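Visitor: Dropping the structure in here first, questions after.
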């Protein structure tokens, strides 16, 4: 046989391996509007696979599925389709708090049962839910025993080389700047050993989710997961040459990924699909893939608020968390000063960091077990007096529990600490997990920590406490089921603007975050910095304007929005009026315009008042955006207060140049907003 015949035969074998088995029944399901479809099939050697189409064109090519189970053969080949069923579902449910009040949840579902050939066959079910804005799918296993899942082999085969906005598949941190490259140019390993991260582990060329892409045909995709409980988080391993990704479960001790009981179902693997970048943000796919509210009405202890903090003090290095330093920030006197300013400006909350003993021995120490005491304050902080003073001034205290990534210590004290909060009438806590996880070998995003984070959330619910986790596992929509799970950090936040060796967050950072990280859930980014030049405390200055900063109260969603700067830096600045006015709980939210990494224009209607607010941010490029007020109700007049970049504003110019204009507007009017380089605009539309 000559070389040509060998090549021809090899091509026939390769082609046939990629085709569905002629004896395997194929099943499919479409979205309610018929534009998206999923085909399930068996390919080479009985491997379960799926394929996603949009308007008849292949969007996700044939991608195989399966699980590696300890002590067993790979579960994902030599299988047959034993049965399949389909169903439809539609409901409208109400968010107790959130980006909008009413949420439509309509999907078509397909369940396909697979069974191995031969003796003692094992079974596996794949369940797909297809919405108009994307899809979710998960594994289901029957049985009564328990198994150890060593990894998951869920493929996503792309059909082109899209633009991707990504951070590396770090098992311990999401606090990376986003990269904007073609898929084929992703190199996550080049981001290892980051100088600003004390907890970081990037074992392979993989990305963290949500990861967002745009094809050359103009289709937007974002890959994530939903309803993550008692299972590791995922990263997506990248094969740049094959233009494909495959799930990699975050590991734990002894290379064990997941110990699960049977019957079992995995979290949902989700794909947002949109024709417009803004549709990614408006999608409710992640929360819809979660179960309904299990807690009922929690408004007796949590409603969305704006808050200040004894926090920026420490990042500026003006004060310290620890008492021994001699410049302790969390004193009774400072807390009362902050409460006075918050109360005078209608700010409902105050976060106090560094109030409890243990801060002298947290960062940089391996023996961090037992360091923090979550009920004992330092001598210069009277917890009960501060709480009482706050109540007198209508300012609630937000508790802070930094664990120093020693979660076993927190587990031992959790019930006592939350009981103290309940006794004092403190109903929100910010938890923190700075540093490498103890015990060594566990990671922030592994199963062991996923279980811990949820224990804290359930303990919070039992004591009427809402939980805002920092250094967390990524949000996956669990706030629908447990609405006391409020904001999370899980991104490179405001504090990097103070001490980052790279000079702070990039100008484009917050034009990417809403299209990536924010798709997973609410963000505690901590905006509100009025003093953009951080001297004399730090040598840094921010890379965006004050107009950009004010716009974040609309652009970045959180039910707890911080005003992070110090009272002496804000004073009676006229820009503070926008923060006094802006809502924090929304009737509806609309993306008016935007492109990932370039700019974003958001409009949100406040619940109850029905005032509207608009926020616009841009990257390093100046631009002018037109905002049609068609979203306003017919026949009503609004007072529009525009907070705009001034003529000298820009990230290379005057970072605080702000002009304020006021006019009356109505439905159909158009506002023209000039955005400086690194700039932004904030608009309040107050009903007359």
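Residue numbers (my numbering): 2 to 689. Beta carbons: idealized from backbone N, C-alpha and C, even for Gly. Computed from a prediction, not measured in an experiment: that's the story for all the values here.
#1: For residue 58, which beta-bridge partners are listed by DSSP?
#2: So if DSSP puts residue 624 in a beta bridge, which residue, or which two residues, is it bridged to?
#3: How far does the beta strand (DSSP E) with residue 158 in it reach, from first residue to last?
#4: Taking only heavy atoms of the ligand ZN into account, decide whether any of them is closer than 8 Å to the Cβ of residue 570.
#5: Please classify residue 318 as buried or exposed, where buried requires at least 16 neighbouring CB atoms within 10 angstroms.
#6: Using a Cβ-Cβ cutoff of less than 8 Å, which residues in the same chain neighbour residue 645 once the five nearest sequence positions on both sides are dropped?
#7: Give the secondary structure of residue 184 by DSSP, where H, G and I count as helix, E and B as strand, and everything else as coil.
#8: Can you grab the Cα-Cα spacing for the pair residue 564 / residue 274, in whole Å?
#9: Along the chain, where does the beta strand (DSSP E) that runs through residue 92 open and close?
#10: Quick check: residue 200 and residue 406, are their CB atoms within less than 9 Å of each other?
#11: Taking three-plus beta-carbon pairs below 8 Å as touching, is the stretch 275-289 in contact with the stretch 174-189?
#12: Would you mind stating whether residue 37 and residue 132 have Cβ atoms separated by less than 9 Å?
#13: Would you decide whether residue 229 is buried or exposed? Buried here means 16 or more other CB atoms lie within 10 Å of its CB.
#14: With a cut-off of 8 Å, do at least 3 Cβ pairs link the stretch 100-107 to the stretch 587-594?
#15: Count Cβ pairs between the stretch 514-522 and the stretch 553-573 that sit closer than 8 Å; are there 3 or more?
#16: If you count every other CB in all the chains shown that lies within 10 Å of the CB of residue 678, and 16 or more means buried, which is it?
#17: What is the residue span of the alpha helix (DSSP H) that residue 456 lies within?
#18: Would residue 686 and residue 601 qualify as a contact pair, given that the criterion is a beta-carbon distance under 9 Å?
#19: If you reduce the DSSP assignment to three classes, tell me which class residue 282 lands in.
#20: Please state whether DSSP places residue 671 in a helix, a strand or coil.
#21: Short of 6 Å in beta carbon distance, which residues of its chain neighbour residue 134, apart from the five on each side in sequence? Order them along the chain.
#22: Any contact between the stretch 482-489 and the stretch 456-468? By contact I mean 3 or more CB pairs, one from each, below 8 Å.
#23: By the three-class DSSP mapping on this structure, what secondary structure does residue 551 have?
#24: Pair every Cβ in the stretch 387-396 with every Cβ in the stretch 350-359, then say whether three or more of these pairs are closer than 8 Å.
#25: Any idea what DSSP makes of residue 651, helix, strand or coil?
#26: Who are the Cβ neighbours of residue 309 in its own chain at under 6 Å, not counting the five residues just before and after it?
#27: Are there three or more Cβ pairs, one per stretch, closer than 8 Å when the stretch 412-426 is compared with the stretch 362-382?
#28: Answer yes or no: do residue 615 and residue 604 have a C-beta to C-beta separation smaller than 9 Å?
#29: By how many angstroms is the C-alpha of residue 545 removed from the C-alpha of residue 656?
#30: Starting from residue 270, follow its DSSP beta bridges and name the residues at the other end.
#31: For residue 638, count neighbouring Cβ atoms within 10 angstroms of its own Cβ and tell me buried if that reaches 16, exposed if not.
#32: Looking at the unbroken alpha helix (DSSP H) that takes in residue 389, where does it start and where does it end?
#33: Check whether the Cβ atoms of residue 129 and residue 138 lie closer than 9 Å to each other.
#34: Could you check whether residue 238 and residue 163 sit closer than 9 Å to each other, using their CB atoms as the reference points?
#35: Give a yes or no on contact between the stretch 198-212 and the stretch 166-175, applying the rule of three or more CB pairs nearer than 8 Å.
#36: Hey, residue 641 and residue 664 are a contact pair by Cβ (cut 8 Å); roughly how many whole angstroms apart?
Guide: The structure says:
#1: 55
#2: 676
#3: 156-159
#4: The ligand ZN is not part of the structure shown, which contains no ligands of any sort.
#5: exposed
#6: 548, 659, 660, 661, 662, 674, 675, 682
#7: helix
#8: 34 Å
#9: 80-95
#10: yes
#11: no
#12: yes
#13: buried
#14: yes
#15: yes
#16: buried
#17: 448-463
#18: no
#19: helix
#20: strand
#21: 284, 286
#22: yes
#23: helix
#24: yes
#25: coil
#26: 339, 343, 348, 351, 564
#27: yes
#28: yes
#29: 7 Å
#30: 138, 226
#31: exposed
#32: 384-393
#33: yes
#34: no
#35: yes
#36: 5 Å
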